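Undergrad: Got a structure for you, questions after.
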Ligand code: ADP
Ligand code: F6P
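In the working numbering, the protein residues as written are 31 to 365.
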């Protein structure tokens, strides 16, 4: 359960819009439902869904949503509004055009669900155009400053765990070594949580440096001393493409026969977990309440179980760091 803020409505809006942007994440649909239903139940007459993220904003791909439009989506992965990466939105004149399109339709505020890039676009948009914007953290990577959790992270971790548990069965049967690459862009939140929860023999993340050769020698020695055991190494994709292949190559040089499994986009799909449905629903409802309470240029996130607001400027300038003590757990659980 989350603690929700006590917010007093002081503003009225007739029409608002929402969009999903960047990499989709499981839970975006319950967030959309939370926003649409809360808005309509709080006296906002018109709620518009912008399709295909910021591209749809520029192209006027904007459609009215009703309470029924969001029926039966709470359990569905992906985003009913579609998502996109839109490089043009980095240009101020393009953002001004998008604001003009919204104003023309009488739309007075925008809610953006997405990752850190989307939050940057959201902040610049409101700063330059004056149109109120609220952001919600939606990404499997859990790398957004100011929020302990992001919509989709829990589901992605559980999806990766389901896959690795299956890999472990075959790894045990053949006493083999698997290198499993997980997503996370430049961060190791998924890898760390997945690594701890699947009982990985080793976890590699971009935040902490390691000597590739030393690491592989240690691993090869460990395996030589423990004949008959399987091995799962969880590797965050990181900023360094090809790292997993390089680790495999080094291990082969040391006489090992590692198998590579890249989980990839499987982690972005699937039905949102109960946790993500709850998080997304509470964040969606709260986004509307913050808007009606007169807030602007904020992201609504979660800190220590409480739904809170963080200025978007802070979200986009801060860094979210992987807790060293949590990462250390990955090294303390070996046999
Ligand atoms: P995410 O939101 O998941 O981090 P991206 O980093 O790809 O994904 O960002 C999503 C979209 O947000 C981009 O395609 C672009 O439309 C917008 N965006 C990202 N960075 C900026 C920026 N610096 N200025 C304006 N818009 C941005
Ligand atoms: O940000 C979410 C994410 O899935 C990252 O984990 C990954 O690096 C990236 O998006 C992949 O993006 P794309 O689907 O554009 O390849």
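No residue lacks a Cβ here, since even glycine has one placed at the ideal position from N, Cα and C.
All of these numbers come straight from a predicted model, not from anything done at the bench.
Which residue's Cα is closest to the Cα of residue 53: 89, 260, 205 and 173?
TA: The shortest C-alpha separation from residue 53 is found at 173.
Undergrad: In whole angstroms, what is the alpha-carbon distance linking residue 175 and residue 285?
TA: Between residue 175 and residue 285, the C-alpha separation is close to 42 Å.
Undergrad: Classify residue 162: buried if its beta carbon has 16 or more other beta carbons within 10 angstroms, exposed otherwise.
TA: The residue in question, residue 162, is buried, as its Cβ has 16 or more Cβ neighbours within 10 Å.
Undergrad: Would residue 190 pass as a contact of residue 297 if the rule is Cβ separation under 8 Å?
TA: Cβ atoms of residue 190 and residue 297: closer than 8 Å.
Undergrad: Answer yes if the stretch 311-318 comes into contact with the stretch 47-67, meaning at least three C-beta pairs across the two stretches below 8 Å, and no otherwise.
TA: Judged by Cβ distances under 8 Å, the stretch 47-67 makes contact with the stretch 311-318, as three or more pairs qualify.
Undergrad: Hey, which unbroken runs of the alpha helix (DSSP H) at 4 residues or more fall wholly within the stretch 256-319?
TA: With a minimum length of 4 residues, the continuous alpha helix (DSSP H) runs that stay inside the stretch 256-319 are 273-283.
Undergrad: What's the call for residue 90, buried or exposed, on a 16-neighbour Cβ count within 10 Å?
TA: By the 10 Å Cβ count, residue 90 comes out exposed.
Undergrad: For residue 169, does the count of other Cβ atoms within 10 angstroms reach 16, so buried, or fall short, so exposed?
TA: Under this definition residue 169 is a buried residue.
Undergrad: When the Cα of residue 289 is compared with those of 300, 277, 160 and 361, which residue comes out closest?
TA: Ranking the options by Cα distance to residue 289, first place goes to 277.
Undergrad: Can you name, in chain order, every residue of its own chain whose Cβ lies under 6 Å from the Cβ of residue 294, other than the five neighbours on each side?
TA: There are no such residues.
Undergrad: On a CA-only basis, which of 204, 226, 281 and 275 is nearest residue 251? Give me that one, please.
TA: Among 204, 226, 281 and 275, the Cα nearest to that of residue 251 belongs to 281.
Undergrad: Let me check one thing: in DSSP terms, what residues is residue 139 bridge-paired to?
TA: Beta-bridge pairing links residue 139 to 46.
Undergrad: Around the C-beta of residue 101, are 16 or more other C-beta atoms found within 10 angstroms, so that it is buried, or is it exposed?
TA: With fewer than 16 Cβ atoms within 10 Å of its Cβ, residue 101 is classed as exposed.
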